[in-house]
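Peer 1:
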Amino acid sequence: MSKSMTNNFKKILIGMAILAIFINPIAGANNNWTMFQENIEHTGFIEEAGDFVSNLWIHGMNNPILSSPAIQDKIIYLASENGLLEAINMENGDINWKYQLNGSVQASPVVKGDNLFIGTNVDNNKGYMYSYNIENKKLSWKFEISKPIESTATLTNDTIYFGADNGKIYALNTKDGSKLWEKEIGGKVKSSPTYVDGTVYVGSTNGVVFALNGNDGSPIWNYTVGDQVVASPSYGDGKLYIGSLDGTIYSLNGSDGSLAWKYDLGNKVNSSASLDLRNNNLYIGSDSDNLTCLDTRDGTFKWAYKTGGDVRTTPAIYEDKVVFGSNDGTQYILNKYTGNPELTYNPGTYLFNSPITSSSVVYGDVIFFAGNDGYLYSLDGDKLNTPISVFVYYAIIVIIVVLAVIIGLITFIKRRRK
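My numbering applies: residue 799 is where the sequence shown begins, and numbers increase by one.
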C-alpha cells in the first residue's frame, strides 16, 4: 500500500470514529440524571450503554427508603430516610462509597458530570441543598434555607432549580451554590420542577401550578386546581401533565396554562405521570389503588389495573412494559398496551409487607426499586426473574414457629385427655 493510500485510509478511519461518536444514540446517554425520573416525560429509563449482566441482588440500607434512585455509569445513587447517601454498584449491589447527610431525606438525588445534588430536611426547621463531588468524594458546597427541601432538583446548563417548604423556588449556580434568584409562590413546594425551553413548571400545596421564567423567576402563567399539588409535572408535545390531591389529572397547554383536558381518577393523586409519547399513553397512579392509562391527546381512558394499596410511585417505562410499586408492598410489571400483569413481586411475602413509595428506575432491561423496608432490589426485567427476599426466610421461621405451637397444643390436649 502506498504512503498516500495509507494516509487516506487513516483519514477515513478517523472520520468514521468521529461520525460514530455523533450518531451513536447510546453514547453519553447514561452520563447524567438531571431531574426526577431522568427526563421530562418521567420514564425513569436509560439505554444500556454496553454489555451488562443482569444479576439479581438485594442491598440493605437499614432505614426506610422514600427517595428514588438516580443512575450514572452503572452506579446507583440512593439516600435512605435517615440521610445516608450511598453509591451502589448496579452489577452486584456492593457499596462503592457512602456519605452521611445532615437531616432526613425524601427528595431524590440528581447527577451531572462529577456532581450529585440532593436536598434534606433538618428537624422540620431548615433544609440543605447539597452538592457532592462523586469523583473526589468531597462536599463541593451546601446551601441552607429556612425550611425542609422535599423537592427533587432539576439541572440545566449551570443552574439547579428546586422548591422548599417555605413556598419558594430557588435557582442556584451549580458550580458554587450562589443564589441566582428565588421566587415565592406560596404553600409548600414538594413538587419537583420540570424545565423546558427556558420555562420552569412546578406545583404547590396551595393548589396552584406555576410556569416561571427560568432566567429570573418572573411569572409566566398559573393555573388553580381543586386541592394540593405534590406531584411533579411531566411534559410532552407542548402540554403539561400533573395530578392533584383533588383526585384529578390535568393536561395544561405549556404556552399559556389553558386547560386541554382533565380526568377524575377517583382519589388523591400523589403519583407523577409518566409519558409514552410514541403511543400517546400516559400512566399515573392514585389512592384509588389503581395504575391508570390515559390517552395523552384528550384524556380518553384506556385501561386501569387494581392493586392492593395506594399507588404513589411514578411508573417507569421500558420496551412494552410499565413498572411501578404500590403501598400494598408489591412491585408490578404490566404490559403497557393492555395493563395485563406480566410479573408481581412482593418481597415482604405478604407477612412483612412494607409500602413502596420510591419510584422504579430501569437500566436497559434491569429494574431497580427500593422500599420502605430499607432494601434496594435488582430485578431482571427481560426474563422477569426476581431475587429471593430476606423476608422469605423470616416467613419460613414464622411458619415453623406456628406449626411448632400447633403441634405443641395438640400434644398437650391429647395428654390432658388421657
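In this text, a Cβ means the ideal position worked out from N, Cα and C, and glycines have one as well.
Report the partner residues of residue 927 according to the DSSP bridge assignment.
Peer 2: 917 and 941
Peer 1: Using only alpha-carbon positions, find the residue among 1171, 1132 and 973 that is nearest to residue 1148.
Peer 2: 1171
Peer 1: State buried or exposed for residue 964, treating a residue as buried only when at least 16 other CB atoms are found within 10 Å of its CB.
Peer 2: buried
Peer 1: So residue 1079 packs on residue 1091, CB below 8 angstroms; how close in whole Å?
Peer 2: 6 angstroms
Peer 1: What span of residues does the beta strand (DSSP E) with residue 1141 cover, start to end?
Peer 2: 1139-1143
Peer 1: Using a Cβ-Cβ cut-off of 6 angstroms (strictly less than) and excluding sequence neighbours within five positions of residue 1259, which residues of its own chain qualify?
Peer 2: Outside the displayed range of the chain (799 to 1216) lies residue 1259, so it cannot be described from this structure.
Peer 1: Does the distance from the CB of residue 972 to the CB of residue 957 come in under 8 angstroms?
Peer 2: The answer is yes: Cβ separation under 8 angstroms.
Peer 1: On the three-state DSSP scale, how would you describe residue 1047?
Peer 2: strand
Peer 1: Helix, strand or coil: which one does DSSP assign to residue 1034?
Peer 2: strand
Peer 1: From 977, 1070, 1144 and 1099, pick the residue whose C-alpha is nearest to that of residue 1059; which is it?
Peer 2: 1099
Peer 1: Please report the residue range of the beta strand (DSSP E) in which residue 960 lies.
Peer 2: 957-961
Peer 1: If you draw a straight line from the alpha carbon of residue 999 to that of residue 1064, how long is it in whole angstroms?
Peer 2: Taking the straight line from one Cα to the other gives about 25 angstroms.
Peer 1: Could you tell me whether the stretch 1129-1149 touches the stretch 829-844, where touching means 3 or more Cβ pairs closer than 8 angstroms?
Peer 2: no
Peer 1: Could you say which of 1209, 1168, 1215 and 1184 lies nearest to residue 868 if we only look at CA atoms?
Peer 2: 1168
Peer 1: What did DSSP end up calling residue 971 once you bin it into helix, strand or coil?
Peer 2: strand
Peer 1: Less than 8 angstroms between the beta carbons of residue 1029 and residue 1067, yes or no?
Peer 2: yes
Peer 1: For the beta strand (DSSP E) containing residue 1148, name the first residue and the last one.
Peer 2: Residue 1148 -> no beta strand (DSSP E), and no H or E assigned at all.
Peer 1: Mind checking residue 948: buried by the 16 CB within 10 Å criterion, or exposed?
Peer 2: buried
Peer 1: Sorted by chain position, which residues of the same chain lie with C-beta nearer than 7 angstroms to residue 857's C-beta, five sequence neighbours on each side aside?
Peer 2: Within the same chain, 886, 891, 1173 and 1174 come within 7 angstroms of residue 857 by CB-CB distance, once the 5 residues on both sides are set aside.
Peer 1: Can you round the beta-carbon distance between residue 1157 and residue 1165 to whole angstroms, since I take them to be within the 8 angstroms contact cut?
Peer 2: Not confirmed; about 11 angstroms, so no contact.
Peer 1: Any chance you could list the alpha helix (DSSP H) runs of at least 4 consecutive residues sitting entirely within the stretch 874-900, in chain order?
Peer 2: Under the rule that a run must span 4 or more residues, no alpha helix (DSSP H) segment is found entirely inside the stretch 874-900.
Peer 1: Short of 6 angstroms in beta carbon distance, which residues of its chain neighbour residue 860, apart from the five on each side in sequence? Order them along the chain.
Peer 2: 1172
Peer 1: Starting from the C-beta of residue 897, find all residues in its chain whose C-beta is less than 7 angstroms away, skip the five residues before and the five after it, and write them out in chain order.
Peer 2: 883 and 930
Peer 1: If you scan the stretch 1101-1143 from start to end, which runs of the beta strand (DSSP E) of 3 or more residues do you find wholly inside it?
Peer 2: 1114-1116, 1119-1123, 1129-1133 and 1139-1143
Peer 1: For residue 826, which three-state DSSP category applies?
Peer 2: In this prediction, residue 826 has a pLDDT of 36, which is less than 50 and means its spatial position is unreliable; nothing more can be read from the coordinates.
Peer 1: In chain order, what residues of the same chain lie with their CB nearer than 8 angstroms to the CB of residue 821, ignoring the 5 residues before and after it?
Peer 2: Only weak support is given to the placement of residue 821: the predicted model assigns it a pLDDT of 38, under 50, and the value that follows is read from those uncertain coordinates. Result list for residue 821: empty, nothing under 8 angstroms.
Peer 1: For residue 951 and residue 1008, what's the separation of their Cα atoms in angstroms?
Peer 2: One C-alpha to the other measures close to 16 angstroms.
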